[in-house]
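Have a look at the structure below, then the notes.
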Amino acid sequence: MKHIRNFCIIAHIDHGKSTLADRLLQTTNTIADRDMKNQALDDMDIERERGITIKSHAIQMDYTHSDGEKYVLNLIDTPGHVDFSYEVSRSIAACEGALLIVDAAQGIEAQTISNLYLALENDLEIIPILNKMDLPGAQPEEVTDQIVELIGCRPEDVIPASGKTGLGVQAILNAIVERIEPPKGNPDAPLQAMIFDSVFNSFRGIIAYYRVLNGKIKKGDRVKFVNTKKEYYADEIGILRMTMEPRKEVLTGDVGYIISGIKKANEVKVGDTITTTANPCLDVVQGFEDVKPMVFAGLYPVDTDEYEELRASLEKLQLNDASLVFEPESSMALGFGFRCGFLGMLHMEIIQERLEREFDMTVITTVPNVSYKAYLPKENEPKIVNNPSELPDPSKVDYIEEPFINAQIITKSEYIGQVMSLCIEKRGNLKNQVYLTQNRVELTFEMPLGEIVFDFYDKLKSCSRGYASFDYHPIGYQQSDLIKLDLLLNGDPVDALSALVHRSNAYELGKKICLKLKELIPRQQFEIPIQAAIGAKVIARETIKALRKDVTAKCYGGDISRKRKLLEKQKKGKKRMRQVGNVEIPQEAFLAVLKLD
Ligand code: GTP
1298 MKHIRNFCII
1308 AHIDHGKSTL
1318 ADRLLQTTNT
1328 IADRDMKNQA
1338 LDDMDIERER
1348 GITIKSHAIQ
1358 MDYTHSDGEK
1368 YVLNLIDTPG
1378 HVDFSYEVSR
1388 SIAACEGALL
1398 IVDAAQGIEA
1408 QTISNLYLAL
1418 ENDLEIIPIL
1428 NKMDLPGAQP
1438 EEVTDQIVEL
1448 IGCRPEDVIP
1458 ASGKTGLGVQ
1468 AILNAIVERI
1478 EPPKGNPDAP
1488 LQAMIFDSVF
1498 NSFRGIIAYY
1508 RVLNGKIKKG
1518 DRVKFVNTKK
1528 EYYADEIGIL
1538 RMTMEPRKEV
1548 LTGDVGYIIS
1558 GIKKANEVKV
1568 GDTITTTANP
1578 CLDVVQGFED
1588 VKPMVFAGLY
1598 PVDTDEYEEL
1608 RASLEKLQLN
1618 DASLVFEPES
1628 SMALGFGFRC
1638 GFLGMLHMEI
1648 IQERLEREFD
1658 MTVITTVPNV
1668 SYKAYLPKEN
1678 EPKIVNNPSE
1688 LPDPSKVDYI
1698 EEPFINAQII
1708 TKSEYIGQVM
1718 SLCIEKRGNL
1728 KNQVYLTQNR
1738 VELTFEMPLG
1748 EIVFDFYDKL
1758 KSCSRGYASF
1768 DYHPIGYQQS
1778 DLIKLDLLLN
1788 GDPVDALSAL
1798 VHRSNAYELG
1808 KKICLKLKEL
1818 IPRQQFEIPI
1828 QAAIGAKVIA
1838 RETIKALRKD
1848 VTAKCYGGDI
1858 SRKRKLLEKQ
1868 KKGKKRMRQV
1878 GNVEIPQEAF
1888 LAVLKLD
């Protein structure tokens, strides 16, 4: 145990975590140079393209320190996005130390800070690293000051580095050995291990990654996952290198994997405790949470015949992503589809993308919304509303609650004004304002999650010219004056376009959505009125004028091939269209609320 070091990396997106991790693997000969693929730790295509480490993994390195002793270093990778913050918290809880990577040209960002707080809460030793020192725009003094102020270290504790040139890599490895505590724990106690991640393998089933806190796990043990109460045999256990290396036992302090023929991702919960049935540990590992989806949207096959195929695809995705939930729903406008729950907006995009790439499914997505609670008179339990069109008749609802978050925004002082007005427009309440340095400020707002789901990110980026970073944490439900805004096309309400909005914004929003729909829905052979309504009351109206000319009219007579091409083009454009009543609606229109100016 004296020679084990468990650490993770905390960094804001793009500050160079994967590149630096690769350098550590290379320097310790964990991967040979010739095998070196960029960013060895991200293995899904999408991850590589997006450059975001979505699923945390772990990898073990051997390192001989200058004192001549051999050490085992376990790097536990953490996802770098707010949607996955619970997973981050469990990875952090599996470590004794963290590398805090800060881009020397960018400085500290919101994600860095919130994960740093998590690490400090878990008493991790923080090794600050000033990365990308090779960049001409690096500002080592200023960023070092920020770090020193933030974590209260000495300037000389900050290691200048570059994942690109290799600067500082040796110093980092030394610091890991010298500054991070070896694991504690009792090797003779009953097994107590914490699951910090799991992956699905189509041949082996679910592979769970854990950190042994006390005792040891042996191949063949009958083990129990305490929170799910499921029992399995430890068919294969081992440690994680570039590949999985089977072992007979994994001991206190170490990080390993277990394969036990589990087929469903939802049986393996991050944060759960593994123990043996023969000699169970008395305590579960603290901090376990059942993660719940935060954002919901309807997913409908473009081609109505593909409903069953969509179900099969979602089921397959769920096998390796337990945080995806879905249930069948039907919409007057869109027919049969599924209401899906996601951890956040990025998670939703990932699922959409995977459906298209891995399953070749083209889907129509409805506007995402959060989960509301509608309290009805004489009923103790609120009705959970994951789809605005399912809100009970407003006259029968006492009040509605929606989820709120603490939003942390870090920006340059010159953009405070714009960021404040954006957050206030999004019903935010300023809770705190701290200057991190002379021209960097951290703002904390309490605001409804539902407003973030709309176009918040984009607006924040544009009002701060990209100089704002953002992170959030849910803080529970609060009562809000919400009403259902319906949209009618040609006099018919289109359920997939309904949204729950705050009463104070309803008129403004109704007007904007009508305008946007007018822009997005192509003109057709007849006039189409677009109306926004609250209950029976129409609050806004626009009209799409009828189309006068046939598109093919301009190809006078003879030119058949040109005519065919045009028709072909029209047909392609139709791919993501939906006929609602007698109106054709393109996919973009279903997301119109997200695109308002
Ligand atoms: P996420 O996985 O999205 O969190 O990003 P990351 O923090 O892992 O960053 P990644 O290693 O993917 O690097 C982000 C970008 O910065 C890439 O374009 C890298 O090539 C570049 N980069 C990483 N390290 C360095 C460095 O030391 N110097 C310079 N100049 N560029 C770097």
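According to the numbering used here, the sequence shown is numbered sequentially starting from 1298.
Virtual Cβ for every residue (Gly too), placed ideally from N, Cα, C.
About 23 Å separates the CB atoms of Y1672 and P1665; that is not less than 8 Å, and the two are not in contact. The Cβ atoms of D1792 and S1686 sit closer than 9 Å to each other. Beta-bridge partners assigned by DSSP to C1305: I1373 and A1395. Residues of the same chain with a CB within less than 7 Å of the CB of S1411, apart from the 5 flanking positions on each side, are Q1705 and D1768 in chain order. A direct Cα-Cα distance of roughly 32 Å separates S1627 from V1567. Distance from L1488 to T1573 at the Cβ level is roughly 5 Å; contact confirmed, criterion being Cβ atoms closer than 8 Å. Beta-bridge pairing by DSSP links G1595 to R1636.
In the three-state scheme derived from DSSP, where H, G and I count as helix and E and B as strand, T1525 is classed as coil. Inclusion of I1818 and L1782 in the CB contact set at 9 Å is not warranted, their separation being larger than that value. In the structure shown, V1455 adopts coil according to DSSP, grouped into three states. The beta carbons of Q1357 and R1538 sit closer together than 9 Å. Given a length threshold of 4 residues, each whole run of the alpha helix (DSSP H) inside the segment 1743-1771 is given here in chain order: 1754-1760. At a cut-off of 3 residues, the continuous stretches assigned as beta strand (DSSP E) that sit fully inside the segment 1471-1529 are 1489-1498, 1502-1511 and 1519-1522. For A1390, the closest of G1550, K1526, G1535 and R1501 by C-alpha to C-alpha distance is G1550. In the three-state reduction of the DSSP assignment, R1538 falls in the coil class. Its chain contains I1492, S1495, Y1554, I1555 and V1565 as the residues whose beta carbon lies nearer than 7 Å to that of A1505, once the 5 sequence neighbours on both sides are disregarded; these appear in chain order. Residue state for H1644 is assigned as helix, using DSSP reduced to three classes. Nearest C-alpha to V1750 among M1629, F1593 and I1827: F1593. Judged by beta-carbon spacing, D1380 lies within the 9 Å limit of M1642, meaning their Cβ atoms are closer than that value. Across the structure, N1303 and R1508 are spaced so that their CA atoms are roughly 9 Å apart. For P1790, the beta-bridge partners assigned by DSSP are L1785.
Between Y1383 and E1586 a beta carbon distance of about 6 Å is seen, short of the 8 Å cut, so the two are scored as contacting. E1605 and A1472 have their C-alpha atoms some 54 Å from each other. Within a 10 Å sphere around the beta-carbon of V1731 sit fewer than 16 other beta-carbons, which makes this residue exposed. Excluding residues up to 5 positions away in sequence, E1699, F1701 and R1724 lie with their Cβ nearer than 6 Å to the Cβ of P1745 in the same chain. For T1361, the enclosing beta strand (DSSP E) has its first and last residue at A1355 to T1361. When the five nearest sequence neighbours on each side are left out, the beta carbons in the same chain lying within less than 6 Å of the beta carbon of Q1715 are those of C1760, in order along the chain.
Within the same chain, and ignoring the five residues on either side of L1814 in sequence, the residues whose Cβ sits closer than 6 Å to its Cβ are I1827, A1886 and A1889.
Within 8 Å of the C-beta of D1431 there is at least one heavy atom belonging to ligand 1.
Per the coordinates, the alpha-carbon of I1469 lies some 9 Å from the alpha-carbon of P1457.
In this structure, E1603 is the residue among F1633, H1354, E1603 and D1359 with its C-alpha nearest to the C-alpha of L1652.
For T1734, same chain residues with a beta-carbon under 6 Å away, outside a window of 5 residues either side, are Q1443 in chain order. Between the alpha carbons of P1425 and L1784 lies a distance of about 52 Å. Apart from sequence neighbours up to five positions away, the residues of its chain that approach R1762 with a beta-carbon distance below 8 Å are Y1712, ordered along the chain. Taking C-beta separations shorter than 8 Å and ignoring five residues to either side along the sequence, the partners of R1387 in its chain run M1491, I1492, F1493, D1494, V1567, G1568 and G1584, following chain order.
A1886 sits in a helix when the DSSP states are folded into three classes.
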